[in-house]
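Participant:
In the numbering used here, the protein residues as written are 7 to 894.
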């Protein structure tokens, strides 16, 4: 057994038992010979057989035990990849590096996302592995990667990648122009031979045979344009042991060129195909140029997002002086002044001022959001009008913008399962194409008499050849077999197949990010479209998550008002001419007394009452005494009188009859509100009097009902899980349009994941939507876990999808983006597979000339990319609105 030893930095250990747990978890894996964890150093040493277990499994085992193993993620830009097989070769090379946990290589973005153990390897080792595989990595300084390094390094890394991408575009353009200039005379000769029967081009030019002239033009093209394909073919076969698209191009072009040289030297009889050999390389190089440009356009959205980062910040020093500094000099806790029209330099919290902030670049929300003291702001968003002082909370790679970009990049590297089909096909595609071309070349050569009659029915071939369409005529049997082989090799296009999924995924994840929906991977993007049940948490997801004062109802004699009675709208009135005034006075007095009493409490219900009173401009008294009665309410002395705010038992114990408010209490509770009775016992009195009722509620978000409606329009079953009581849960469900039968109330936090598993036990594919720590286990077990962006970091970490806005409507939007992306992937796959299915037989039967086959192959890849780029126009809100209009 060949073993490997690795050292890991462990997080979360707090005692010797923790280190034992880590060691036991890792030692239980097959192939692990020894595992020791040291609590004192927070390290673990593992000796294992890489053939039996992987470093990724070791990391998973540590995380499964409740601890963490330190890893870093690097984005490595790679040039010279020509198809999905190249991506596979780079992935294998990277994953063979000791210390690499996992590697995902995306041919569409020319990038690899590599997770590695920094204690065992470095970025230099990753770059070396790519070079050893025969490809060219874009080398960056250690730690200089956007998303996981400091901001300065991140910018440098992005510049390096952009420079490499632009250099590749320029190189392909230069090669194309060089090849086109030398191939133009060859193309003219081909057109003359094809259309004019050789009437224009003479047999000799300046005393030199025309075929030697063609040789002179074609040879530089073969050497200069063919060199990259020859080198990549050698690396693919000799270094990686697998054939790629470059092998097909090198075979096809070389076959035409070498055969033509053999004819020129009278080694074989037939026609020369120097024009074909050169045009093959020109067409393919032109295709590479267009493909490189398309790849660059597909990534424009993310690059533009990064370009919108603020460059400087106005820092406020401890002595109050202000100075402008580069944004990378801002540290956590620094205070920054943000003037109207300026960008917020980095993530932070408002400590002074009030303004509206345009957050559209991050959340997709076009309406500016009001910000005041205590509100969080996101770096690089635009301060619209007021002056803000912001305290930095996150800087560099930790900012929301950098995290969004990194999340999208990681999502683009994790491909949907549908890509497995394309990968399996691509793995066998090139060898199968070569075998097919050889087979038909041999068949045409060995059975000329049998195929002669069929060849007579191939007029296109006869025209292109410039001779009769009969085997054994102007076109020799050997010549015909060679051309069929070259055409059959060239027409195949594994690059189109390899681009079909990653190109669409790249655009789809970017569309999601632009609309405030972050998918953690292309696999998540694919799963979301299959969701048939959405399970919402209630508090903070469908509701605001904050208690608000909703009702003040007077039901008895109020100190400053007359006798009042309840109205259906929750206000109060009487039969006197001053009914409205007295009702207002009664309500305000009840609220003033209740809020004054509650000023001594920090309970959310109390805070809602106090905030509601202050919002009405009421003058509150400080309680002279205060008593919290757990589970029942509060007693306080306000202006000499005892004030009670609480439930029925609190009032009964004080000798106050709650019966006059019974109907009001029941109605408010049916509406899902928390109703509290308010009573007063005058100073020196033995009996108290019931004044009225105040009610708080966690109000439903304005868009919750529309979100449920949109999901139900798609045929998605909508459910709700909450720890709240049945009555409140059903009231909220009724407000948003959820069937009461689909409500699971009174579910303890630790039981939410069991509830989701029970829902999925009958084959449902559920999306769990939540925002709190107690939702994290349920998010993890759901088919798709979705976290509201305003929720906790734990919930976001456990989720597959993060909604940057605090808006349930984005749940339906996420599913629509997923569905649209998968439709685009299927379009691309149908095009790529259909193209090959149709064209390979045509080439094998001699119906395509090699140059035309090469041109068609180049066009197929560009077509797949173009189809994916058209997807950038997709707007999930606009398209849904259009669908709704058509339905009406």
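Heads up, the beta-carbon is just placed ideally off N, CA and C, and yes, glycines get one too.
Shortest alpha-carbon distance to residue 596 belongs to which of 871, 649, 776?
Facilitator: 649
Participant: With residue 676 as the anchor, note down where its beta strand (DSSP E) starts and where it stops.
Facilitator: Element bounds for residue 676: not the beta strand (DSSP E) but the alpha helix (DSSP H), 668-676.
Participant: Taking the C-alpha atoms as reference points, what is the distance between residue 579 and residue 630?
Facilitator: Here residue 579 scores only 38 on pLDDT, less than 50, and its place in the model is too uncertain to base an answer on.
Participant: Look up residue 776 in the DSSP assignment and give the residues it is bridged to.
Facilitator: 793
Participant: Taking DSSP's pairing of strands, which residues face residue 74 in a bridge?
Facilitator: By DSSP's assignment, residue 74 forms a beta bridge with 17.
Participant: Going by DSSP in three states, residue 553 sits in which element: helix, strand or coil?
Facilitator: Strand, per DSSP.
Participant: Which whole-angstrom value describes the C-beta separation of residue 722 and residue 539, a residue pair presumed to lie in contact below a C-beta threshold of 8 Å?
Facilitator: About 7 Å separates the two Cβ atoms, so the contact holds.
Participant: Just to confirm the assignment, what range does the beta strand (DSSP E) spanning residue 687 have?
Facilitator: Boundaries of the beta strand (DSSP E) harbouring residue 687: 680-687, taken from the DSSP string.
Participant: Give the DSSP-derived three-state secondary structure of residue 2 in the structure shown.
Facilitator: A query on residue 2 cannot be resolved here, the shown segment of the chain reaching from 7 to 894 and no further.
Participant: When DSSP labels each residue in this structure, what does residue 648 get in the three-state scheme?
Facilitator: If DSSP states are grouped into helix, strand and coil, residue 648 belongs with the strands.
Participant: So within the segment 239-272, which uninterrupted alpha helix (DSSP H) runs reach at least 4 residues, ignoring any that extend past its ends?
Facilitator: With a minimum length of 4 residues, the continuous alpha helix (DSSP H) runs that stay inside the segment 239-272 are 251-270.
Participant: Once the 5 residues before and after residue 35 are set aside, which same chain residues still bring their CB inside 7 Å of it?
Facilitator: Counting only Cβ-Cβ distances below 7 Å, and skipping sequence neighbours, we find 59, 63, 64, 67.
Participant: For the beta strand (DSSP E) containing residue 332, name the first residue and the last one.
Facilitator: Judged by DSSP secondary structure, residue 332 falls within the beta strand (DSSP E) whose first and last residues are 328-332.
Participant: Please confirm whether residue 285 and residue 189 have their CB atoms less than 8 Å apart.
Facilitator: Yes. Within cutoff.
Participant: Cβ of residue 105 within 8 Å of Cβ of residue 12?
Facilitator: Yes.
Participant: State the Cα-Cα distance for the pair residue 170 and residue 714, rounded to the nearest angstrom.
Facilitator: 47 Å
Participant: Less than 8 Å between the CB atoms is what I'm expecting for residue 670 and residue 561, so what's the real figure, rounded?
Facilitator: 6 Å
Participant: Just how far apart, CA to CA, sit residue 829 and residue 542?
Facilitator: Linking residue 829 to residue 542 through their CA atoms gives a straight-line distance of about 27 Å.
Participant: If you draw a straight line from the C-alpha of residue 266 to the C-alpha of residue 131, how long is it?
Facilitator: 45 Å
Participant: Where are the beta strand (DSSP E) runs, 3 residues long or more, that stay fully inside the segment 81-152, in chain order?
Facilitator: 106-112, 117-122
Participant: Secondary structure at residue 387, three-state DSSP: helix, strand or coil?
Facilitator: coil
Participant: Once the 5 residues before and after residue 250 are set aside, which same chain residues still bring their CB inside 8 Å of it?
Facilitator: 88, 89, 91, 92, 95, 238, 239, 242, 436, 500
Participant: My output table needs one value for residue 653: the three-state DSSP class, helix, strand or coil.
Facilitator: In the structure shown, the three-state DSSP call for residue 653 is coil.
Participant: Let me make sure I understand the geometry here. Which of 731, 784, 732 has the alpha-carbon closest to that of residue 756?
Facilitator: 784
Participant: Assign residue 194 to one of two classes, buried (16 or more other C-beta atoms within 10 Å of its C-beta) or exposed (fewer than that).
Facilitator: exposed
Participant: Can you say whether residue 23 is buried or exposed, counting buried as having 16 or more other CB atoms within 10 angstroms of its CB?
Facilitator: exposed
Participant: Quick check on the burial criterion: 16 or more other C-beta atoms within 10 angstroms. Buried or exposed for residue 544?
Facilitator: buried
Participant: Count the other CB atoms, across all protein chains shown, that sit within 10 Å of the CB of residue 434; report buried if there are 16 or more and exposed otherwise.
Facilitator: exposed
Participant: Are the CB atoms of residue 678 and residue 775 within a distance shorter than 8 Å?
Facilitator: no
Participant: Who are the Cβ neighbours of residue 735 in its own chain at under 7 Å, not counting the five residues just before and after it?
Facilitator: 544, 726, 728, 749, 751
Participant: Distance check for residue 705 and residue 685, CA to CA, integer angstroms please.
Facilitator: 26 Å
Participant: Considering Cα atoms alone, identify which of 551, 232, 247 is closest to residue 287.
Facilitator: 232
Participant: How far does the alpha helix (DSSP H) with residue 51 in it extend, from its first residue to its last?
Facilitator: Residue 51 -> not in any alpha helix (DSSP H); beta strand (DSSP E) instead, spanning 49-54.
Participant: Can residue 174 and residue 868 be called in contact, C-beta distance under 8 Å?
Facilitator: In this structure, residue 868 does not lie closer than 8 Å to residue 174 by Cβ.
Participant: Near residue 658, what residues of its chain come up, given a Cβ to Cβ distance below 8 Å and the 5 sequence neighbours on each side ignored?
Facilitator: 664
Participant: For residue 654, collect the residues of the same chain with a Cβ closer than 6 Å to its Cβ; drop the 5 residues on either side in sequence, then sort them by chain order.
Facilitator: 664
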